[in-house]
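Some notes on the structure that comes next.
Below, the structure is given as structure tokens:
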């Protein structure tokens, strides 16, 4: 008899669970976290986000996990308004790098790779 439900299977390893992301909060580290890296600049960051046609800024990655070191970059997830351009994203990155004095990555949920998106969204901390 035909199956009522299609079972997805990885073409390489034949696992039925290949498309089920394993999500778990990673343990907090002993390095630099949001309080140390973002804390003193929180209001300035919020102002810059609004200025560059974005909203709902969240931090993810090593800073969110408190495992950053002085050379670590800061990863931000933002939602850009419909009238925002690529120029707004580039300007936001440059302005955030000036404020934080470290490398910054700004991305949207949609532009994250499908494999890392669930984990990044899970660990993201809203500013």
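Residue numbers (our numbering): 219 to 345.
No residue lacks a Cβ here, since even glycine has one placed at the ideal position from N, Cα and C.
For residue 326 and residue 345, the gap between their C-alpha atoms comes out near 15 Å. Listed in chain order, the non-local C-beta contacts of residue 306 below 8 Å within the same chain comprise 270, 271, 272 and 298, local neighbours out to five positions each way being set aside. If you compare the alpha carbons of 337, 331 and 268 with that of residue 314, the shortest gap goes to 268. Runs of beta strand (DSSP E) with 3 or more residues, each lying fully within the region 263 to 316, are found at 272 to 278 and 292 to 298, listed in chain order. Residue 324 and residue 291 have their alpha carbons spaced roughly 11 Å apart. By alpha-carbon distance to residue 308, the top candidate from 318, 301 and 322 is 322.
Secondary structure note for residue 255: its alpha helix (DSSP H) is the uninterrupted segment 252 to 255. For residue 301, same chain residues with a beta-carbon under 7 Å away, outside a window of 5 residues either side, are 271 in chain order. Look at residue 339 here: in three-state DSSP terms it is helix. Bounds of the beta strand (DSSP E) holding residue 322 are 322 to 325. By the C-beta density criterion, residue 293 is buried, having at least 16 other C-beta atoms within 10 angstroms.
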